[in-house]
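Trainee: The structure that follows is given in the form of structure tokens.
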């Protein structure tokens, strides 16, 4: 009986048609799942980009609002200090008279 030579590693293994069909189906399913996952990730990335843009706008508006409020408070502080000094001056001038 003649035996076939042992495989050298360069020959391709020949799969039975049923196994080849199963592998083909498995590869197709994996590629479909991968495509769905990638589409979902792209949608999520797009949504994140949109939301981060909105958040950045809100932060900028808040910064502007805080800056305006700070300016207003500084003006009120200056006015209060001027008024306080004016009252002290009036009281001091009354006491010295």
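Numbering (the numbering used here), first residue to last: 39 to 135. Here a beta-carbon is modelled for each residue, glycine too, at the ideal position from N, C-alpha and C.
What's the gap between the Cα of residue 103 and the Cα of residue 85?
Mentor: Taking the first residue of the chain shown as position 1, residue 103 is located at position 65. Taking the first residue of the chain shown as position 1, residue 85 is located at position 47. When rounded, the distance between both Cα atoms is 27 Å.
Trainee: With respect to the alpha helix (DSSP H) encompassing residue 38, which residues constitute its N-terminal and C-terminal limits?
Mentor: Beyond the ends of the chain as shown, which are 39 and 135, falls residue 38; an answer cannot be given.
Trainee: Note down the Cα distance separating residue 119 from residue 100, rounded to an integer number of angstroms.
Mentor: As a first step, residue 119 is located in the chain shown; it is residue number 81 there, counting from the start. As a first step, residue 100 is located in the chain shown; it is residue number 62 there, counting from the start. One C-alpha to the other measures close to 28 Å.
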